[in-house]
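Heads up: the sequence shown begins at 12 in our numbering, then just goes up one per residue. The beta-carbon is built from N, C-alpha and C at its ideal position, and this holds for glycine as well.
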Amino acid sequence: MAKNESLIRSPLLDEGDHIVATRSAMHHALVEHWASRAHREFGYDRPFAIAALGGTGRCELTPCSDLDYVFLFDDVIEGNAFLIELRRQVFDTREFQEEYGFDCPAMHFNLEDVPHPDPRQNNSFLDLRAVYEADGLTARFRERMQAFGDPFQHFLHVRGFWKNRWEQAAVEFDRLDAFDIKNDGLRIFLAGVWALAGKGYVHSFDIYRELDPRDLEAYDFLLRIRAFAHLQRTVRHVPLGGGNHSEDILGFGEFDSFAELLPEGAGDRERFDFANEVRARLLSARRRTAHFAKGVIERELRIGRRLAPGSPIIHGPGGLFYENSPPMDDSVARSRAAFSLLHASQHYEVAVDPAELQSTFRDAGDWLTLVPDLAELFYERQGNLAGVLTFVAQLDGAEDRLFPGYGRFEVSFDVRVLQERRSLRGALVQEKIRWLEEELVRVGRERREAWIGGQGPATPGMGGRSAEEDRQRDADRAALLSPDELAAVKLTLKTKRLPLTARDLEKQENANLPLHERFASGFSGIPLEAYYLPFVERGGFTQETVDMCVYLLEHRRLFQTLSEAAISDFGQVQRLWEVCPDERRLRALFVFTCADRANWESEEVDPARWFNIRELYAKAMRRYSPGGDPERSLAAAGFSQEDLEVLRGFGPALFEGSYGQYLSRLGAHLLRLGDQSVMAGPKVSLIQNGASKIAAVAARDFRGLAASISGAFWRQGVAIRQAHLFSAAEHGLAFDFFHFDPSALQDRAELQAAVETAIRERQHIADADEGALPQFTGDVSLAEWSPGLYRLLFETDQEAHGLIYFLTYKIFRYLGGNIFGLVARTNRGRASVSIYHDLPAGMPLEAARALAERF
Numbered sequence: 012m013a014k015n016e017s018l019i020r021s022p023l024l025d026e027g028d029h030i031v032a033t034r035s036a037m038h039h040a041l042v043e044h045w046a047s048r049a050h051r052e053f054g055y056d057r058p059f060a061i062a063a064l065g066g067t068g069r070c071e072l073t074p075c076s077d078l079d080y081v082f083l084f085d086d087v088i089e090g091n092a093f094l095i096e097l098r099r100q101v102f103d104t105r106e107f108q109e110e111y112g113f114d115c116p117a118m119h120f121n122l123e124d125v126p127h128p129d130p131r132q133n134n135s136f137l138d139l140r141a142v143y144e145a146d147g148l149t150a151r152f153r154e155r156m157q158a159f160g161d162p163f164q165h166f167l168h169v170r171g172f173w174k175n176r177w178e179q180a181a182v183e184f185d186r187l188d189a190f191d192i193k194n195d196g197l198r199i200f201l202a203g204v205w206a207l208a209g210k211g212y213v214h215s216f217d218i219y220r221e222l223d224p225r226d227l228e229a230y231d232f233l234l235r236i237r238a239f240a241h242l243q244r245t246v247r248h249v250p251l252g253g254g255n256h257s258e259d260i261l262g263f264g265e266f267d268s269f270a271e272l273l274p275e276g277a278g279d280r281e282r283f284d285f286a287n288e289v290r291a292r293l294l295s296a297r298r299r300t301a302h303f304a305k306g307v308i309e310r311e312l313r314i315g316r317r318l319a320p321g322s323p324i325i326h327g328p329g330g331l332f333y334e335n336s337p338p339m340d341d342s343v344a345r346s347r348a349a350f351s352l353l354h355a356s357q358h359y360e361v362a363v364d365p366a367e368l369q370s371t372f373r374d375a376g377d378w379l380t381l382v383p384d385l386a387e388l389f390y391e392r393q394g395n396l397a398g399v400l401t402f403v404a405q406l407d408g409a410e411d412r413l414f415p416g417y418g419r420f421e422v423s424f425d426v427r428v429l430q431e432r433r434s435l436r437g438a439l440v441q442e443k444i445r446w447l448e449e450e451l452v453r454v455g456r457e458r459r460e461a462w463i464g465g466q467g468p469a470t471p472g473m474g475g476r477s478a479e480e481d482r483q484r485d486a487d488r489a490a491l492l493s494p495d496e497l498a499a500v501k502l503t504l505k506t507k508r509l510p511l512t513a514r515d516l517e518k519q520e521n522a523n524l525p526l527h528e529r530f531a532s533g534f535s536g537i538p539l540e541a542y543y544l545p546f547v548e549r550g551g552f553t554q555e556t557v558d559m560c561v562y563l564l565e566h567r568r569l570f571q572t573l574s575e576a577a578i579s580d581f582g583q584v585q586r587l588w589e590v591c592p593d594e595r596r597l598r599a600l601f602v603f604t605c606a607d608r609a610n611w612e613s614e615e616v617d618p619a620r621w622f623n624i625r626e627l628y629a630k631a632m633r634r635y636s637p638g639g640d641p642e643r644s645l646a647a648a649g650f651s652q653e654d655l656e657v658l659r660g661f662g663p664a665l666f667e668g669s670y671g672q673y674l675s676r677l678g679a680h681l682l683r684l685g686d687q688s689v690m691a692g693p694k695v696s697l698i699q700n701g702a703s704k705i706a707a708v709a710a711r712d713f714r715g716l717a718a719s720i721s722g723a724f725w726r727q728g729v730a731i732r733q734a735h736l737f738s739a740a741e742h743g744l745a746f747d748f749f750h751f752d753p754s755a756l757q758d759r760a761e762l763q764a765a766v767e768t769a770i771r772e773r774q775h776i777a778d779a780d781e782g783a784l785p786q787f788t789g790d791v792s793l794a795e796w797s798p799g800l801y802r803l804l805f806e807t808d809q810e811a812h813g814l815i816y817f818l819t820y821k822i823f824r825y826l827g828g829n830i831f832g833l834v835a836r837t838n839r840g841r842a843s844v845s846i847y848h849d850l851p852a853g854m855p856l857e858a859a860r861a862l863a864e865r866f
């Protein structure tokens, strides 16, 4: 090693390949010595090898290089005693390092692990090189890579790095302030090498032998300078990950230090000329390696890179194109060619060459038909279906041939189009599918991969979850969908307005509705039970996918309808159970609902609605996947059995829902309120649950409490969106949650104080307060919602501020009811408030209606 480092410090500039090869050989020999002894002493009788990867496999080690070795097995990895012993020596102890003088970090694989699922590993595995070999296992690994790898995907991976970084770095060859000699020098050259080597998964050495010697000399000179730069560093830094090292960053000081390669007796002029010579050769090497790589990659595109040997799909300079498209009179063959090209574009995320609009896709609206290749677009895990559908949308008449009724649908107006006045309905469908793929499925899969890698999901604090955490939970649920279920959600989003349902017929016959509402669905005129049959017979979809599509269409309004009530009681949950016989259907319906409403009445616009949707889903899912025991969590937080007995009085609706988590935060105060010997006042806590801003109120219960709280909000100018009110009647306690709009909130502390004062002093509910009530006129109705629970609905065209206080006061004063929940909505300029309450014993419904009509 000392001899090697002496050569690095010498003025010999043409020794780059010799320096790195010798340094690599020393490490390889010691690893081979250790592996041979360990194999022999353990007596392991299965095929085993140690190989080097990446720069270690190319024998290009410099002083600060990572050492990339890998243990190869033709055996089970899990619980492998020999692997456990090897890892003990190199990871769990310093045994290897103390004997050989360096660390030997090594991954481990068996034959089933190749090809490696992560394309970022492909470049490393290209340069797989046996270090210790007893059974020819390294060659068998390479054979599997050649047989099962995807050379086209590898080329795109290399070109992606080239476009993202290396192409720009290649033209900055004269920078002196920050030159990353590995990323912006060596790897630029290797991009060209890898682009060639990846065709057949051959070692970079096989490509080196075919290169212009001057290109290879330029690369060797970069290695020579890298070795010198590494040796100049007196302090070794922790690697930055991804093969990156701070020691690889050459600044002006390094460019000014090349004269140090000369011996002490060299004169000033000699040093001056020598430093210029080194800089000149370095500049030349940077230029030459950059031109080599760019020429290779662009030449590959100019020639045309095929997806696979013999494939008619080729990647050219303008994108993907289909070689020799089938004749125009063969609609099936032409459709299969078109969809295979779209599928390749989706899978590899490479655009279709625009010239294909005048060749493969010419007049597609005249011949495009259902073929099995269509289904592949919906089942594909990679890429973006929305992007493919956006491409198809520019083909006049094409979508109507694939999805009957789509032509009439995309030009129709609905409420959203009339309000936004931005785009037609077809573009909105693409937005929903894109949101499903990017914000739900992709995020969910990435989180699942992180969990598998040992990074578990974060546990929300007692203050509730953020909106981002709620969206992540939605994504986790989407990631659990099977391929058939996910394809069904996508297909239903695309076609939900096209099949004709019984509900569509009812609306079309309702002359009281505006035309755009009467004829908003059923555009194909084909009954739902028949619409999807061709998708199975000719389109390649499974029966399971189509059955799920029909199910989603039949029940797609369910979450919307139930969430409008804002009451997640047992009756609402039971309605979900009745139509969701298993968790698969429940989950698919939930994910479809999220995607369908993502950009219309979104969480940012109506957080309370989304809170209700998630609350209903979570409660319904407990039937199939029971969650943790909330009482056990409270006991772990220090609540005694006597405490729990008091808190149980609020009922399962609180314990099993999203609000139950706040018992840990405010439960102790509720218990103090329940102890009449303790002087305790009401407590208001402003919290966030997802996108919802909520005031959690712990108080002693009294009739009129909801009106007193609502009056305080009104006086503060803060609008209430919905509320859920829980009581433990036996103990005289109330635990209420008011969702509010924080847009007008000036001071959180002022709002908290105002509500607490209103409760403590029972403000806003005296007889004298009626004269100061905001006044409203509108339509009022009162009906039984469920046994013992009534719904008062008030609708008005007036500005709604203060309407909730107005109604809660009237119910308190004239109906004498206890309020359990309320929700406010604004739709097309008309405000409505629903309040759920009981009636005093002995008050008949007709008498209550008569009183309500006088509000």
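Relative to residue 438, the option among 453, 449, 489 and 421 whose CA is nearest is 421. Put simply, of 392, 25, 31 and 344 the residue whose alpha carbon is nearest the alpha carbon of residue 379 is 344.
Within the same chain, 318 come within 6 Å of residue 163 by CB-CB distance, once the 5 residues on both sides are set aside.
Counting other Cβ atoms within 10 Å of its Cβ, residue 754 stays below 16 and is therefore classed as exposed. Between the segment 488 to 500 and the segment 551 to 562, the count of Cβ pairs shorter than 8 Å is three or higher; the stretches touch. Take residue 229, set aside five residues on each side of it, and the residues of its chain with a beta-carbon closer than 6 Å to its own are 296, 299 and 300, in chain order.
Per the C-alpha coordinates, the member of 44, 140 and 58 positioned closest to residue 107 is 44.
Residue pairing from DSSP places residue 696 in a beta bridge opposite 707. Here DSSP, grouped into helix, strand and coil, assigns residue 538 to strand. Scanning its chain for C-beta atoms nearer than 7 Å, with the 5 sequence neighbours on each side dropped, one finds around residue 167 the residues 359 and 361, in chain order. The Cβ-Cβ distance between residue 693 and residue 714 does not fall below 9 Å.
In this structure residue 490 is buried. Its beta-carbon is surrounded by 16 or more other beta-carbon atoms within 10 angstroms. For the beta strand (DSSP E) assignment, the uninterrupted runs of no fewer than 3 residues enclosed by the segment 270 to 343 are, from N- to C-terminal side, 324 to 327 and 330 to 333. The beta carbon of residue 610 sits closer than 6 Å to the beta carbons of 442 from its chain, once the five residues preceding and following it are set aside; these are given in chain order.
Inside the segment 91 to 178, DSSP marks whole alpha helix (DSSP H) runs of 4 or more residues at positions 92 to 98, 106 to 111, 133 to 137, 148 to 159 and 162 to 172, from first to last along the chain.
Runs of the alpha helix (DSSP H) lying entirely within the segment 540 to 620, each at least 4 residues long, are 544 to 548, 554 to 566, 569 to 576, 581 to 590 and 594 to 608 in chain order. Spatial neighbours of residue 689 in its own chain (CB-CB distance under 7 Å, excluding positions within 5 residues in sequence) are listed in chain order as 683. For the pair of segments examined, the segment 194 to 205 was found to touch the segment 216 to 231: the number of CB pairs separated by less than 8 Å reaches three.
Per DSSP, the continuous beta strand (DSSP E) segment holding residue 807 begins and ends at 800 to 807. Relative to residue 757, the option among 728, 427 and 769 whose CA is nearest is 728. Each residue's CA atom was taken as its position, placing residue 769 and residue 627 some 32 Å apart.
Cβ atoms of residue 30 and residue 41 stay farther apart than 8 Å, at about 18 Å.
Nearest C-alpha to residue 506 among 795, 663 and 534: 534.
In the DSSP assignment, residue 481 falls within the alpha helix (DSSP H) that extends over 478 to 490.
Residue 35: not part of any beta strand (DSSP E); member of the alpha helix (DSSP H) spanning 27 to 53, first to last residue. For the options 147, 782 and 260, the alpha carbon positioned closest to that of residue 61 is the one of 147. Under a 10 Å Cβ-count criterion, residue 522 is classified as exposed, with fewer than 16 other Cβ atoms of the shown protein chains found around its own Cβ. Taking all protein chains shown into account, residue 583 has 16 or more neighbouring C-beta atoms within 10 Å of its C-beta and is therefore buried. Here the alpha carbons of residue 111 and residue 446 stand approximately 54 Å from one another. The segment 394 to 448 contains, as complete alpha helix (DSSP H) runs of 4+ residues, the segments 396 to 404, 409 to 413, 417 to 421, 426 to 431 and 436 to 446 (chain order). Rounded to whole angstroms, residue 226 and residue 135 show a C-alpha spacing of 21 Å. For residue 834, the enclosing beta strand (DSSP E) has its first and last residue at 830 to 838. Taking C-beta atoms as the reference points, residue 191 and residue 180 count as a pair closer than 9 Å. By alpha-carbon distance to residue 536, the top candidate from 545, 87, 544 and 510 is 510. Bridge pairing for residue 191: 260 [DSSP]. Within its own chain, the residues whose Cβ lies closer than 8 Å to the Cβ of residue 429, once the five positions on either side in sequence are excluded, are 527, listed in chain order.
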